[in-house]
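S.K.: Heads up: the sequence shown runs through residues 86 to 359, numbered per our numbering.
Sharing a structure below in structure tokens format, with a few things to ask.
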Amino acid sequence: GIIERYTTIHYEPAWWKHLFGIYPLVSFRESSRISGTFGNPNVAGIWYAVMTLICYYFYQNSSKPKKGFYVLGIGLFISVLMMTGSRGAIIGLILGLAVYAYFTGHKKRMVFLILLLISGVALMFISPEWFPRGHNLFNSVKDRGAIWANCFNMFKYKPITGWGLMGIYFANDSVYHYLKTFHGHNIWITIATTMGIVGLGIFIYMKYYLFEQIKVLNQYHCRLTPLLAGIEVAVLGQGLLDFTIMNPQAGIIFISCSAIINGLAFQYSNRIIG
86 GIIERYTTIH
96 YEPAWWKHLF
106 GIYPLVSFRE
116 SSRISGTFGN
126 PNVAGIWYAV
136 MTLICYYFYQ
146 NSSKPKKGFY
156 VLGIGLFISV
166 LMMTGSRGAI
176 IGLILGLAVY
186 AYFTGHKKRM
196 VFLILLLISG
206 VALMFISPEW
216 FPRGHNLFNS
226 VKDRGAIWAN
236 CFNMFKYKPI
246 TGWGLMGIYF
256 ANDSVYHYLK
266 TFHGHNIWIT
276 IATTMGIVGL
286 GIFIYMKYYL
296 FEQIKVLNQY
306 HCRLTPLLAG
316 IEVAVLGQGL
326 LDFTIMNPQA
336 GIIFISCSAI
346 INGLAFQYSN
356 RIIG
């Protein structure tokens with residue numbers, strides 16, 4: 086990612102980049118944004134955000150000689166996260182850290198992070214030039230608003246089972262008038278549009294069940310609870326503005342973290358019952 090930031094290595098087509106899936110299917114107008122080996126700056130952003138959380142976890146749970154190594158890792162991952170220009174990933178990281186603070190018993194730190202996020206978002210709209218990609222902030226808001234409005238319009242046509250996984254892109258032009266995008270740039274809106282009330286209801290139940298399992302882990306003082314909960318919230322936080330879990334890298338993080346939570350909760354529950 087750092088090499089890409091200062092060269093044109095990523096933007097030169099090559100067969101091996103297509104082979105490994107690190108050349109974007111859709112070209113980005115903002116060539117200053119890095120995407121590492123992920124093919125998409127927003128997917129790279131959430132990956133780096135999660136790596137920051139993992140480094141922070143190891144920093145808190147390692148011996149003193151190793152803490153400097155993890156501080157270096159945190160600094161490196163935050164640096165490349167900023168280079169992606171992914172505002173959603175930054176929001177996701179702050180929300181993930183807030184949840185991490187909650188499950189480690191630092192309620193004041195959690196409140197501080199939430200207030201910091203709210204203040205930062207407010208300041209971003211007041212003085213967008215102070216922030217990464219501030220020059221196109223209002224165009225980005227306008228684009229997402231139009232995409233969300235059209236997704237709601239599509240949802241009205243097929244509210245029960247939706248339009249299918251690629252329905253937003255291939256929808257009839259008489260319904261979808263604005264932009265052809267692969268998703269609705271929001272987890273909840275995308276699932277509602279593509280899988281309808283049925284799919285959205287299942288997804289909501291899955292998340293409700295998962296956070297009940299997190300409560301089980303917390304009840305039995307599992308050391309991984311803050312990290313796992315933070316990762317889940319970080320991905321969902323970015324999901325307010327994007328749908329990166331459709332990509333393999335972000336999807337693997339999301340699904341694997343959910344599976345670990347479920348597996349650990351099952352083991353703790355059986356151990357206590359036994």
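Backbone N, C-alpha and C define an ideal beta-carbon position, used for all residues, glycine too.
Since we're looking at a predicted model, the values are computed, not measured.
1) Just checking my contact of A186 with R194 at CB under 8 Å: how many whole Å lie between their CB atoms?
2) Do C140 and I119 have their beta-carbon atoms positioned less than 7 Å apart in this structure?
3) Within its chain, find whatever has a CB closer than 7 Å to the CB of V283; leave out the 5 residues flanking it on each side and keep chain order.
4) Any idea what DSSP makes of N332, helix, strand or coil?
5) Taking only runs that begin and end inside the region 238-307, name each unbroken alpha helix (DSSP H) of 4 or more residues, in chain order.
6) Whole angstroms is fine: what's the gap from V318's alpha carbon to K192's?
7) In three-state terms, what does DSSP make of I216?
8) Which term fits P311, buried or exposed, when burial requires 16 or more other beta carbons within 10 angstroms of its beta carbon?
9) For M394, count the other beta carbons within 10 Å of its own beta carbon; 16 or more makes it buried, fewer makes it exposed. Which is it?
10) Could you tell me the distance, in whole angstroms, from the CA atom of I179 to the CA atom of I199?
11) Using a Cβ-Cβ cutoff of less than 7 Å, which residues in the same chain neighbour T279 once the five nearest sequence positions on both sides are dropped?
12) Which term fits R308, buried or exposed, when burial requires 16 or more other beta carbons within 10 angstroms of its beta carbon?
13) Mind reading off the beta-carbon distance from L328 to G286? Whole number of angstroms is fine, and I expect it under 8 Å.
14) Quick check: the Cα distance between I316 and R90, rounded to an integer number of angstroms?
15) Looking at C-beta atoms only, is the number of pairs between the region 290-307 and the region 338-351 that lie closer than 8 Å three or more?
16) Quick check: the Cα distance between R229 and L295, rounded to an integer number of angstroms?
17) Among residues of its own chain, excluding the 5 on either side of M136, which ones have a beta-carbon nearer than 7 Å to its beta-carbon?
18) Out of curiosity, what's the CA-to-CA distance linking P333 and G190?
19) Report the start-end ranges of each alpha helix (DSSP H) in the region 177-223 that is 4 residues or longer and not cut off at the edges.
20) On a Cα-Cα basis, can you pick out the residue from F288, C236, M167 that is closest to W132?
21) Looking only at its chain, what residues have a beta carbon closer than 6 Å to the beta carbon of C240, apart from the 5 residues adjacent to it on each side?
22) Taking the runs of the beta strand (DSSP E) that are 3 residues or longer, which of them lie wholly in the region 125-175?
M.R.: Straight from the coordinates:
1) 4 Å
2) no
3) I245, T246
4) coil
5) 252-255, 272-304
6) 16 Å
7) A small fix is needed here, since residue 216 is Phe in this sequence, not Ile. Of the three classes helix, strand and coil, the one that applies to F216 here is coil, per DSSP.
8) buried
9) Absent from the model: residue 394. The displayed extent of the chain is 86 to 359, so no value can be given.
10) 8 Å
11) G247, W248, G249, L250, G252, I253
12) exposed
13) One detail in the question is off: residue 328 reads as Phe in this sequence, not Leu. Going by Cβ atoms, the distance from F328 to G286 rounds to 18 Å, so no, they are not a contact pair.
14) 26 Å
15) yes
16) 29 Å
17) F162
18) 33 Å
19) 192-211
20) M167
21) Just to set this straight, residue 240 is Phe in the shown sequence, not Cys. Hits under 6 Å: A277, T278.
22) none
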